[in-house]
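In the working numbering, the protein residues as written are 110 to 530. A virtual CB, placed ideally from N, CA and C, is assigned to each residue, including glycine. As the structure is a computational prediction, the values presented were derived from the model and not from experiment. What follows is a short report on a single structure.
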Amino acid sequence: MHHFDYRDSELFCEDVPVRTIAEQFGTPVYIYSTATLERHFNVLSEAFSSQACLIAYSVKANSNLSVLATLAALGSGADVVSAGEMQRAIAAGIPPGKIVFSGVGKSEFEIRAALSAGIHQFNVESRPELLRLSRLADDMGKSAPVALRVNPHVEAGGHANISTGAAEHKFGIAWHEAVEVYKLAMTLPGIAVKGVDVHIGSQITKLGPMKTAFEKVVGLIRELRALDIPISRVDLGGGLGIPYKDGETPASPADYAAMVGDVLNDIDIELILEPGRMIAGNAGIFVSRVEYVKERDGRRFAILDSAMNDLMRPALYQAVHEVRPVKRDDALQSLTYDLVGPICESTDRFAKDYSVQELRENDLIAFMSAGAYGAVMSNQYNTRPLCAEVLVKGDKAELIRRAPTFEEMIANERVAEWLKS
Ligand SMILES: *Cc1c(COP(=O)(O)O)cnc(C)c1O
Numbered sequence: 110m111h112h113f114d115y116r117d118s119e120l121f122c123e124d125v126p127v128r129t130i131a132e133q134f135g136t137p138v139y140i141y142s143t144a145t146l147e148r149h150f151n152v153l154s155e156a157f158s159s160q161a162c163l164i165a166y167s168v169k170a171n172s173n174l175s176v177l178a179t180l181a182a183l184g185s186g187a188d189v190v191s192a193g194e195m196q197r198a199i200a201a202g203i204p205p206g207k208i209v210f211s212g213v214g215k216s217e218f219e220i221r222a223a224l225s226a227g228i229h230q231f232n233v234e235s236r237p238e239l240l241r242l243s244r245l246a247d248d249m250g251k252s253a254p255v256a257l258r259v260n261p262h263v264e265a266g267g268h269a270n271i272s273t274g275a276a277e278h279k280f281g282i283a284w285h286e287a288v289e290v291y292k293l294a295m296t297l298p299g300i301a302v303k304g305v306d307v308h309i310g311s312q313i314t315k316l317g318p319m320k321t322a323f324e325k326v327v328g329l330i331r332e333l334r335a336l337d338i339p340i341s342r343v344d345l346g347g348g349l350g351i352p353y354k355d356g357e358t359p360a361s362p363a364d365y366a367a368m369v370g371d372v373l374n375d376i377d378i379e380l381i382l383e384p385g386r387m388i389a390g391n392a393g394i395f396v397s398r399v400e401y402v403k404e405r406d407g408r409r410f411a412i413l414d415s416a417m418n419d420l421m422r423p424a425l426y427q428a429v430h431e432v433r434p435v436k437r438d439d440a441l442q443s444l445t446y447d448l449v450g451p452i453c454e455s456t457d458r459f460a461k462d463y464s465v466q467e468l469r470e471n472d473l474i475a476f477m478s479a480g481a482y483g484a485v486m487s488n489q490y491n492t493r494p495l496c497a498e499v500l501v502k503g504d505k506a507e508l509i510r511r512a513p514t515f516e517e518m519i520a521n522e523r524v525a526e527w528l529k530s
């Protein structure tokens, strides 16, 4: 469900015509819908209302301050994977007491920053990380609330590059070593053992693999409690998939909540969830303008003013984002295009042989479901500026990130002294 719909033949975001935003702020541009963000958060929080539950939005999906502040106002926490993300979350009004810190490579600087802030939980991914955290917390006279991220050896995820729960992946502590590492954690200064954490992948559309992983985790919790290891929290990660095309029907938040309720059954525990894509994915679109249409060797290319530096998912995961014309014209036929950007890489292609209403120079098109893992992954390859982001609420649209000027783009670079004559 989202709030990007046609009124007559014009695509709207809530009550604002997409064309107006493109004209006011330029293209390419990311556009987010407040009502959609709110709806997704509330659907999930209502589905889990019968259970003590912290929804820690996965900041890496979309970390714009206004997106975070929108969710903070609803009571969201944050799942962060760097000190930078933690600072963003706090700056946007998410209290440190609702922040969990995940990731395999936390630096000393990051651990100290999180200890100083007083976050809710460290999701520890290895024995060396646990030892480092213990040493730093002890040094600072703090006690670090810890969950160990276990690797349940379950395959899941919408693409090989976003699957994280199998033995070959770098994530988490090996299943067969988990109990031993918990026993170690109980002996370490500066460590307060709180919970078990698992996250098996992203864009998971079927509940089966999650259920298998969560059942293993519940078994582990029972085993740890039997050893007098005080497990009061379980963090089930994120990963719930979203529809990227009309007709796709991934498991709904309600189905997911029912499955989780089933699996947790009678164990008394505080639940943490780390949804990212499910909250932000369908709450954003990415709007581009057609620069040229070129026909060559039997192929028809629509060359856009946006590129893989703006939206990497097609190049990185062979993802296909549904394309909608910003102005629908039923008199025009559908034609097949390769939708490409101006970057000098053959991977700079959004879609191949994609059928869409006939495109002409200066037409606007929208890539749907671009709210998660879109703008956050953008970069300045080919010295293309990071593009603008706009947030809509009802009939209001506001710029929430402006594109840098050329001077800003090169501001941190300098010419070495010996090159100056
Ligand atoms: C990426 C990630 C998430 C969010 O995943 P989604 O598929 O966007 O829900 C949650 N937890 C961890 C540890 C992650 O790495």
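Distance, Cα to Cα, leucine 180 vs glycine 317?
Each residue's alpha carbon lies about 29 Å from the other.
Could you tell me which residues DSSP puts in a beta bridge with arginine 510?
In the DSSP assignment, arginine 510 forms a beta bridge with Glu498.
Consult DSSP for isoleucine 474 and reduce its assignment to one of helix, strand or coil.
When DSSP states are grouped into helix, strand and coil, isoleucine 474 belongs to the strand group.
Check threonine 445 in the structure and name its three-state DSSP category.
If DSSP states are grouped into helix, strand and coil, threonine 445 belongs with the strands.
May I have the straight-line CA-CA distance separating histidine 268 from aspartate 188, to the nearest angstrom?
Distance between histidine 268 and aspartate 188, taken at the CA atoms: about 22 Å.
Compare the beta carbon distance of valine 209 and histidine 229 with 7 Å and say whether it is the shorter of the two.
Closer than 7 Å, so yes.
Mind listing which residues have their beta carbon within less than 5 Å of any non-hydrogen atom of ligand 1? Chain order is fine.
Result: Ser167, Ala170, Ser211, His308, Ser311, Gly346, Gly347, Gly348, Glu383, Pro384, Gly385, Arg386.
Is the number of C-beta pairs between the region 427-443 and the region 277-284 that are closer than 8 Å three or more?
No, because fewer than three Cβ pairs between the region 427-443 and the region 277-284 fall closer than 8 Å, the two stretches do not touch.
3 or more residues per run - each beta strand (DSSP E) lying fully within the region 265-329:
With a minimum length of 3 residues, the continuous beta strand (DSSP E) runs that stay inside the region 265-329 are 300-306.
If we cut at 7 Å on Cβ distances, does glycine 317 have a partner in chain C?
No chain C appears in the structure shown, which is made up of a single protein chain.
What is the rounded straight-line gap between the Cα of methionine 417 and the Cα of serine 397?
Rounded to the nearest whole angstrom, the C-alpha separation of methionine 417 and serine 397 is 12 Å.
Collapsed DSSP secondary structure at asparagine 488 in the structure displayed
Coil at asparagine 488, not helix or strand.
Alpha carbon to alpha carbon, what distance is there between aspartate 371 and leucine 382?
If I take the Cα positions, the gap works out to 16 Å.
What alpha helix (DSSP H) runs, 4 residues minimum, are completely inside the region 370-403?
Those alpha helix (DSSP H) runs which fall completely within the region 370-403 and span 4+ residues are 386-389.
Taking the beta carbon of serine 158 as the centre, do at least 16 other beta carbons fall within 10 Å, making it buried, or is it exposed?
Result: exposed.
Mind checking which residues open and close the alpha helix (DSSP H) that includes isoleucine 130?
First-last of the alpha helix (DSSP H) with isoleucine 130: 127-134.
Have a look at the DSSP bridge pairing and note the partners of arginine 244.
DSSP lists no beta-bridge partner residue for arginine 244.
Helix, strand or coil at glycine 186 according to DSSP, with G and I counted as helix:
Correct three-state label for glycine 186: strand.
If you drop the 5 nearest sequence neighbours on each side, which residues of the same chain put their C-beta closer than 7 Å to that of asparagine 488?
Taken in chain order, the residues that qualify are Asn418.
With DSSP as the reference, label isoleucine 220 as helix, strand or coil.
In this structure, isoleucine 220 counts as helix in the three-state DSSP scheme.
Nearest candidate by alpha-carbon position, reference lysine 320, set Pro339, Glu219, Ile282, Ala360:
Ranking Pro339, Glu219, Ile282, Ala360 by Cα distance to lysine 320 puts Ala360 first.
Reducing DSSP to helix, strand and coil, say where phenylalanine 157 ends up.
Coil.
Under the three-state DSSP convention, the category lysine 354 falls into:
In this structure, lysine 354 counts as coil in the three-state DSSP scheme.
Of the residues Ala294, Asp344, Leu336, which one's Cα is nearest the Cα of glutamate 238?
It is Ala294.
Is serine 530 helix, strand or coil by DSSP?
Coil at serine 530, not helix or strand.
Please state if the CB of histidine 111 and the CB of isoleucine 388 are separated by a distance shorter than 7 Å.
Cβ distance not < 7 Å, so isoleucine 388 and histidine 111 don't count as in contact.
Compute the distance between the beta-carbons of proline 205 and glycine 227, then report whether it is under 7 Å.
Yes; because the gap between Cβ atoms is below 7 Å, this pair is in contact.
Tell me the DSSP secondary structure of glutamate 147 in three-state form.
Glutamate 147 sits in a helix when the DSSP states are folded into three classes.
Considering only the alpha carbon of each residue, which of Arg197, Val499, Ala411, Leu495 lies closest to arginine 458?
Distance from the Cα of arginine 458 is smallest, within the candidate group Arg197, Val499, Ala411, Leu495, for Ala411.
Counted within 10 angstroms of its Cβ, other Cβ atoms place glutamate 217 as buried (16 or more) or exposed:
Burial call: exposed.
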